[in-house]
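A.B. asks: Numbering (mature numbering (1 follows the signal peptide of the UniProt record, and there is no 0)), first residue to last: -30 to -1, 1 to 188.
Every residue gets a Cβ at the ideal spot worked out from N, C-alpha and C, and that includes glycine.
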Amino acid sequence: MTMTRAKRATLSAVLMPAVLLTVLCGPAAAQGGARAMTYQILMGEDPIGTEQVTVEPQGDRSKVTVTATTRVKVLFINFRYDHKREELWKGGVLESMTASTDDDGTPHRIDMAREAGGYRLTVDGKTQQVPTATLPLTLWTPEVLKHGQLLSVIDGAPYKVTARKVGTETVESGGKPVEATHHRIDGDVERDLWFAADGTLLKTRFKRSGYDITYVLK
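Pasting the structure below:
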């Protein structure tokens, strides 16, 4: 049976998110294992912390755990940031997310669950409904580039954004040069993201309080 171009395109659109999550799980996915990615966090050229992303296949779903810690000292000011969240994905669709953050002494808690018509979002005890098209600012996956409505993984603040492809570049990852596609998120929040061909996030960069903050895959 010959498949038309339109049917092939439709099938590709349906399968690609699931394929991407499978690829990110790596060879261990076939054995039911998890893949862990560790990022060094830099302020300028100075290391200030780490973030670890673990993708664990669970049947037809993938559980993603993100843990980040930073410690910054600028002159006489000390700043700390501790964040942990869990995401549950089915194919390219986020089913739920929980996140807890200590933002320099200010605690935040987010619970997000998919339901009919959108998501139930609870931030620091206050619940609201948000549209299905909303996605947390979870940068480990290229899915974040497909959404015009994002929200902070710290305090649930909404961001209206647009994403565009900048071009193909070579970045250093794991101590070696890797070809990557550079994307840019603009709007209420700004991020530069570099993804490998298999969808792995290699690098991200943004400004905070006037400083360049960079995450680089080790």
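May I ask you to report which of helix, strand or coil DSSP gives Glu113?
C.D. replies: helix
A.B. asks: Between Gly87 and Gly169, what straight-line distance do the alpha-carbon atoms span, to the nearest angstrom?
C.D. replies: 28 Å
A.B. asks: Got a sec, what are the start and stop residues for the beta strand (DSSP E) Thr151 sits in?
C.D. replies: Residues Lys146 to Gly157.
A.B. asks: Is it buried or exposed for Phe46, if we count other Cβ within 10 angstroms and need 16 for buried?
C.D. replies: exposed
A.B. asks: So the beta strand (DSSP E) Leu45 belongs to, where does it begin and stop?
C.D. replies: Careful: Leu45 lies outside any beta strand (DSSP E) and carries neither H nor E.
A.B. asks: When you compare the stretch 163 to 181 with the stretch 132 to 147, are there three or more beta-carbon pairs, one atom per stretch, that lie closer than 8 Å?
C.D. replies: yes
A.B. asks: For Thr108, count neighbouring C-beta atoms within 10 Å of its own C-beta (all shown protein chains included) and say buried if the count is 16 or more, exposed if not.
C.D. replies: buried
A.B. asks: Taking the Cβ atom as the reference point for each residue, do residue 194 and His117 lie within a distance shorter than 8 Å?
C.D. replies: The chain is shown from -30 up to 188; residue 194 falls before or after that span and cannot be answered.
A.B. asks: On a Cα-Cα basis, can you pick out the residue from Arg55, Ser122, Val148 and Val114 that is closest to Lys135?
C.D. replies: Val114
A.B. asks: When you compare only the Cα positions, how much space is there between Val63 and Ile18?
C.D. replies: 32 Å
A.B. asks: Would you mind reading off the limits of the beta strand (DSSP E) that contains Ser179?
C.D. replies: Ser179 -> no beta strand (DSSP E), and no H or E assigned at all.
A.B. asks: How would you label Glu160, buried or exposed, when you count the other beta carbons within 10 angstroms and need 16 or more for buried?
C.D. replies: exposed
A.B. asks: Less than 8 Å between the beta carbons of Tyr9 and Leu187, yes or no?
C.D. replies: In contact: Tyr9 and Leu187 (Cβ atoms closer than 8 Å).
A.B. asks: Please report the distance separating the alpha-carbon of Arg41 from that of Glu21.
C.D. replies: Whole-angstrom Cα-Cα distance: 12 Å.
A.B. asks: To test your reading of the DSSP string, which unbroken beta strand (DSSP E) runs of 3 or more residues are found completely within the stretch 20 to 83?
C.D. replies: Secondary structure in the stretch 20 to 83: the beta strand (DSSP E) runs of 3 residues or longer, each lying completely within the stretch, are 31 to 44, 47 to 60 and 63 to 73 in chain order.
A.B. asks: Taking the Cβ atom as the reference point for each residue, do Ile183 and Met13 lie within a distance shorter than 8 Å?
C.D. replies: yes
A.B. asks: Distance check for Asp156 and Phe176, CA to CA, integer angstroms please.
C.D. replies: 11 Å
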